[in-house]
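A.B. asks: I have a structure I would like to understand better, so I am pasting it below and will then ask my questions one at a time.
There are 2 protein chains.
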Amino acid sequence: MPVNLNLPSAMPVRGAVLTTLVAGLKSSGTADMVVAQLAETARTAAVFTQNAFCAAPVTIGKEHLLANKGHVRALLINSGNANAGTGQPGIDMARGHCQALAAALEIPEESVLPFSTGVIGQLLPDAIMRNGIEKAAQTIASAPESEISQWTDASRGIMTTDTQPKLTSQTVLINGQSVTITGMSKGAGMIQPNMATMLSYVFTDATIDVADLNTALHDAVDVSFNAITVDSDTSTNDACVLVATGVGEALDVSHAQWPDFMHALRRVCMDLAQAIIRDAEGATKFITVKVTGGKNTVECKQVGYSIANSPLVKTAMFASDANVGRLLMAIGKAGVDALDASKVTVSLGDVVAFSNAGIAEGYTEERGAAVLAKAEIDVIVDLARGDAAASIYTCDLSHDYVSINADYRS
Amino acid sequence: MPVNLNLPSAMPVRGAVLTTLVAGLKSSGTADMVVAQLAETARTAAVFTQNAFCAAPVTIGKEHLLANKGHVRALLINSGNANAGTGQPGIDMARGHCQALAAALEIPEESVLPFSTGVIGQLLPDAIMRNGIEKAAQTIASAPESEISQWTDASRGIMTTDTQPKLTSQTVLINGQSVTITGMSKGAGMIQPNMATMLSYVFTDATIDVADLNTALHDAVDVSFNAITVDSDTSTNDACVLVATGVGEALDVSHAQWPDFMHALRRVCMDLAQAIIRDAEGATKFITVKVTGGKNTVECKQVGYSIANSPLVKTAMFASDANVGRLLMAIGKAGVDALDASKVTVSLGDVVAFSNAGIAEGYTEERGAAVLAKAEIDVIVDLARGDAAASIYTCDLSHDYVSINADYRS
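Keeping their order, the protein sequence lines are chains S and B.
Its first residue numbered 47, the first sequence is counted upward by one per residue in our numbering.
Its first residue numbered 47, the second sequence is counted upward by one per residue in our numbering.
Structure below.
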């Protein structure tokens, strides 16, 4: 059961046509292939996993993005198989499938970006993929633009262990015209993105050049997808893509309303990133770790992740056990240089639990437990050594996490 | 149920008298205080946790060890309460309890090292501690030396969530005389020691000066207590102590039989470190991650810990699921600089699972699963970029780990 997963509702984005189908990659027989066809005016930025064992589609996607300079015409996404750890045959396959889609849509091969998610270490079934690509190209040729069902179907088609699709929109007025930003994400485990996240696709109908798109994407990802963790594990297939279809208003970083656009983009990315945590494997609590008073955001994130990734903190949260000692342990092991532990303050929600080097005056375990009994928990740590701050979003560690991951492939 | 926890049996060490009692710190009513009285000839080395929130006894222990230059006369150990996160009152209490024991035993205050383990963030009950210390001092005054029951009782008295006491010995012939090395450890969770481990006490009746004792301790700890992890969490109270009581043969680093002594000492430390993993919270598998072909041992340990701490690897091990993809993911996220993933080989026991950038020829999931079905699993990773190697010892992540840590204080 997701924890309070209620996303603002989604709108279609002009300049993109999506199709979703059952190619036959998932034993469940549910949708497992999504193709997005982008207008000729579209420009695209993307960030990818830094895992050294990055998947074949990540390798090809980076190569194509470099070659096409952001002029992407199609996204080819499959779930059910990650095409990772598959060596040269996997690379050849990812390239071949891009070629097949490009031929069918009559666009350059390098204008296709491939994405795969699912089990690692197994070759994609080539015939099933090619058959699906053929069908998708036929469907998309006759498909109308701007149908919301295309977007809801696609958000389901990219799911693996997610229990809920994650799709949301924001609109912002630019030059008096409505600009739409719509994003979708998948991911529920193997989540501690590193410069990217699981698969996330954000589309806007604005017209933005590739350099500014890259700036916008990195800015938004930094506070959203790069601030979440389920289990400290970084996927081989992480990618986050931002497409500006270029059929709407023109925008650049010097535009007076760029901050409004960025605010809306950050909101979409933040909502999706938090949705991943709310739907994380086995999650029963949504936990925000706010670290303030750091010398820089790097050390704030370091402390935030140390708490958010501690199995002992996560199991205590699952039990609603106000075990302040485990929070101190996690802060203390974070490796912050010359941290003065006696100055640190730790609060659970608005209840100060630890200050002045000891349990805070007036703090009782009952007051702490009352905060932790809720489904939404704020853990606030003040390091009292500077002005930097950062928030990390995570969930608890429950029996269901173990069950889901012990049984994933069986 | 511990995984194949069978330690070589233990012998008492001359020059040390131990007493164990129920002071009343544990709600279970089991033994919770151990006092060790050491001969005047004894010399001691110790390593402590690097957690910034180190406990009051760690602070006082370091201070005393500096002041007494290794001339330690007594160890004062309590379980049931860690005296961590307790600020100045905790420091005052640790100091006061050392004073009380020193007065009762008529030894200098700074010759006492205090150790606490248990719940973090609660003040020690002062009267219960002082009452226990008084009783322990009386018992020890009339206690005979070299009784094995003192050692088995003590190994039980330091336990918290351990299901089994951990006590073992090795003997080695030095100058034709028998020298004994006996060690005990506690710890089952919050285990990724950093320059030390949970509480471990190793005694020998050899005569060794403080400098050589320190060399010996660091050497032995590096490959044993500093090579294990249950859950990536580093305790606030970790300490490992090596006492040479000085009533037996004299030894120093230039002695012809120093290598024999070190071999036996490493064996004691390795057996205890592995015993901690075998008795780890919820463990059903004992896993050795051997990393070879690294440029240096640091990067080998980095890869080893990345695998050993990955919740997705640990849950797959619990399920005996030969999910090679999760191993690749964990190697890839370890942060090894410029790792060439295409050269990495991964084996499960003697079954090669991944090589030449793809699933190994002849590998089948059935062959992998057969290895993982055993209680003792070797994961072997060859990085093929150098001659360094390191082994990390860990366990799987089971439902019982979650249960134990969700319920620890309830």
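A virtual CB, placed ideally from N, CA and C, is assigned to each residue, including glycine.
1. To the nearest angstrom, how far is it from the Cα of S:Gly222 to the Cα of S:Leu71?
2. Please state whether DSSP places S:Pro190 in a helix, a strand or coil.
3. Going by the DSSP bridge assignment, what does S:Arg89 pair with across the sheet?
4. Compare the Cα-Cα distances from S:Ser437 to each of S:Val349, S:Ser444, S:Asp138 and report the closest residue.
5. DSSP state of B:Gln238, grouped into three classes?
6. Any idea what DSSP makes of B:Asn355, helix, strand or coil?
7. At the level of alpha carbons, what is the spacing between B:Leu443 and S:Asp199?
8. In the structure shown, what three-state DSSP assignment does S:Val382 receive?
9. At the level of alpha carbons, what is the spacing between S:Val81 and B:Asp396?
10. Any beta carbon of chain B sitting closer than 8 Å to that of S:Met139?
11. Buried or exposed for S:Met47, please, with buried defined as at least 16 other CB atoms from any protein chain shown within 10 angstroms of its CB.
12. Between S:Leu36 and S:Arg119, what straight-line distance do the alpha-carbon atoms span, to the nearest angstrom?
13. So, under 8 Å CB-CB, B:Lys331 and B:Val49 are touching, yes? Tell me the CB distance rounded to an integer number of Å.
14. Can you name the residues of chain S whose CB is closer than 8 Å to the CB of B:Gln134?
15. Could you list which residues in chain S have their beta carbon closer than 9 Å to that of B:Met308, in chain order?
16. Over the uninterrupted beta strand (DSSP E) stretch that includes B:Glu412, give me the two end residues.
17. Could you tell me the boundaries of the alpha helix (DSSP H) in which S:Thr66 lies?
18. Anything in the region 316-329 of chain B with a Cβ closer than 8 Å to a Cβ of chain S? List those residues in chain order, please.
19. Beta strand (DSSP E) containing B:Met230: first to last residue?
20. Name the DSSP beta bridge partners of S:Val337, please?
21. S:Ile220 and S:Phe307 look like a contact to me (Cβ under 8 Å); what is the Cβ gap, rounded to whole Å?
22. Check each candidate in S:Gly292, S:His301, S:Ile333 and name the one with the smallest Cα separation from S:Leu274.
23. Which one of B:Ala62, B:Glu412, B:Thr338 has the shortest CA to CA distance from B:Lys389?
24. Which first and last residues belong to the beta strand (DSSP E) in which S:Ser215 is found?
25. Measuring only between beta-carbons, confirm whether S:Val448 sits less than 8 Å from chain B.
26. Does the region 346-363 of chain S come into contact with the region 307-318 of chain S, if we say contact requires no fewer than three beta-carbon pairs (one atom in each stretch) closer than 8 Å?
27. Need the endpoints of the beta strand (DSSP E) that B:Met79 sits in, please.
28. Under the three-state reduction of DSSP, which class applies to S:Ile179: helix, strand or coil?
29. Going by alpha carbons, who is nearest to B:Ala421 out of B:Ile323, B:Glu152, B:Lys232?
30. Just curious, the beta strand (DSSP E) that S:Thr391 is in, first and last residue?
31. Should S:Ser278 go down as buried or exposed, given a rule of 16 or more other Cβ atoms within 10 Å for buried?
32. Only counting the same chain, and skipping five residues up and downstream in sequence, which positions put a Cβ closer than 7 Å to that of S:Tyr447?
33. Can you give me the Cβ contacts of B:Leu51 inside the same chain, cut-off strictly under 7 Å, excluding the 5 residues immediately before and after it?
34. Report the three-state DSSP secondary structure of S:Thr361 (helix, strand or coil).
35. What residue range does the beta strand (DSSP E) around B:Leu121 cover?
36. Alpha carbon to alpha carbon, how far is B:Gln83 from B:Val63? Give it in angstroms, no decimals.
C.D. replies: Short version:
1. Residue numbering aside, residue 222 of chain S sits at position 176 when the first sequence is read from its first letter. Residue numbering aside, residue 71 of chain S sits at position 25 when the first sequence is read from its first letter. Approximately 45 Å, taken between the alpha carbons.
2. Walking along the first sequence from the start, residue 190 of chain S turns up at place 144. S:Pro190: coil per DSSP, three-state reduction.
3. Position 43 of the first sequence, counted from the first residue, corresponds to residue 89 of chain S. Answer by DSSP bridge pairing, in chain order: S:Ala290.
4. Taking the first residue of the first sequence as 1, we reach residue 437 of chain S at position 391. Closest option to S:Ser437, Cα to Cα, is S:Val349.
5. Numbered from its first residue, the second sequence carries residue 238 of chain B at position 192. Reduced to three states, the DSSP call for B:Gln238 is coil.
6. Translated into positions along the second sequence, residue 355 of chain B becomes position 309. B:Asn355: coil per DSSP, three-state reduction.
7. Indexing the second sequence from 1 puts residue 443 of chain B at position 397. Indexing the first sequence from 1 puts residue 199 of chain S at position 153. Going from the Cα of B:Leu443 to the Cα of S:Asp199 covers about 35 Å.
8. Mapped onto the first sequence, residue 382 of chain S falls at position 336. In this structure, S:Val382 counts as coil in the three-state DSSP scheme.
9. As a working mapping, residue 81 of chain S is identified with position 35 in the first sequence. As a working mapping, residue 396 of chain B is identified with position 350 in the second sequence. Those two C-alpha atoms are separated by around 42 Å.
10. Within the first sequence, residue 139 of chain S is the residue found at index 93, counting from 1. Not one chain B Cβ lies under 8 Å of S:Met139.
11. Stepping through the first sequence from its first residue, residue 47 of chain S is reached at position 1. The residue in question, S:Met47, is exposed, as its Cβ has fewer than 16 Cβ neighbours within 10 Å.
12. Residue 36 of chain S lies beyond the residue range present for chain S, which begins at 47 and ends at 456; the question has no answer from this structure.
13. As a first step, residue 331 of chain B must be located in the second sequence, where it is residue number 285. As a first step, residue 49 of chain B must be located in the second sequence, where it is residue number 3. About 6 Å separates the two Cβ atoms, so the contact holds.
14. Mapped onto the second sequence, residue 134 of chain B falls at position 88. Chain S residues near B:Gln134: Ala403, Gly404.
15. Taking the first residue of the second sequence as 1, we reach residue 308 of chain B at position 262. Ordered by position in chain S, no residue passes the 9 Å Cβ test against B:Met308, which lies about 29 Å from the chain.
16. Within the second sequence, residue 412 of chain B is the residue found at index 366, counting from 1. Note, B:Glu412: premise wrong, no beta strand (DSSP E); alpha helix (DSSP H) at 411-418.
17. Here residue 66 of chain S refers to the residue found at position 20 of the first sequence. Premise fails: S:Thr66 lies in the beta strand (DSSP E), 62-67, not in any alpha helix (DSSP H).
18. none
19. To locate residue 230 of chain B, count along the second sequence from 1; it is residue 184. Looking at the DSSP string, the run of the beta strand (DSSP E) that includes B:Met230 is 223-231.
20. Locating residue 337 of chain S in the first sequence gives position 291, counting from the first residue. Partner(s): S:Val427, S:Ala436.
21. One-based indexing of the first sequence puts residue 220 of chain S at position 174. One-based indexing of the first sequence puts residue 307 of chain S at position 261. S:Ile220 to S:Phe307, Cβ: 7 Å. Contact.
22. What you label residue 274 of chain S is simply residue 228 of the first sequence in a count that begins at 1. Checking the displayed sequence, the identity of residue 274 of chain S turns out to be Ile instead of Leu. Minimum Cα distance to S:Ile274 is reached at S:Ile333.
23. As a working note, residue 389 of chain B is residue 343 in the second sequence. Taking only the C-alpha atoms, the option nearest B:Lys389 is B:Thr338.
24. Translated into the one-based positions of the first sequence, residue 215 of chain S becomes position 169. Segment 212-220, the beta strand (DSSP E) holding S:Ser215.
25. Locating residue 448 of chain S in the first sequence gives position 402, counting from the first residue. Interface residue, yes.
26. no
27. The residue you call residue 79 of chain B lines up with position 33 of the second sequence. Where B:Met79 is concerned, the enclosing beta strand (DSSP E) stretches over 79-84.
28. Position 133 of the first sequence, counted from the start, is the residue given in the question as residue 179 of chain S. S:Ile179 falls in the helix class under three-state DSSP.
29. Position 375 of the second sequence, counting from 1, holds the residue named residue 421 of chain B. Cα-wise, what sits closest to B:Ala421 is B:Ile323.
30. Numbered from its first residue, the first sequence carries residue 391 of chain S at position 345. Its beta strand (DSSP E) spans residues 391-394.
31. The residue given as residue 278 of chain S occupies position 232 in the first sequence. Classification for S:Ser278: buried.
32. Residue numbering aside, residue 447 of chain S sits at position 401 when the first sequence is read from its first letter. Result list for S:Tyr447: Glu327, Gly328, in chain order.
33. If you number the second sequence from 1, residue 51 of chain B lands on position 5. Hits under 7 Å: Gln210, Ala321, Arg324, Asp325.
34. For the purposes of this step, residue 361 of chain S is taken as the residue at position 315 of the first sequence. Reduced to three states, the DSSP call for S:Thr361 is helix.
35. What you label residue 121 of chain B is simply residue 75 of the second sequence in a count that begins at 1. Taken as a continuous stretch (DSSP letters only), the beta strand (DSSP E) holding B:Leu121 covers 120-127.
36. The residue given as residue 63 of chain B occupies position 17 in the second sequence. The residue given as residue 83 of chain B occupies position 37 in the second sequence. Approximately 5 Å between the Cα atoms of the pair.
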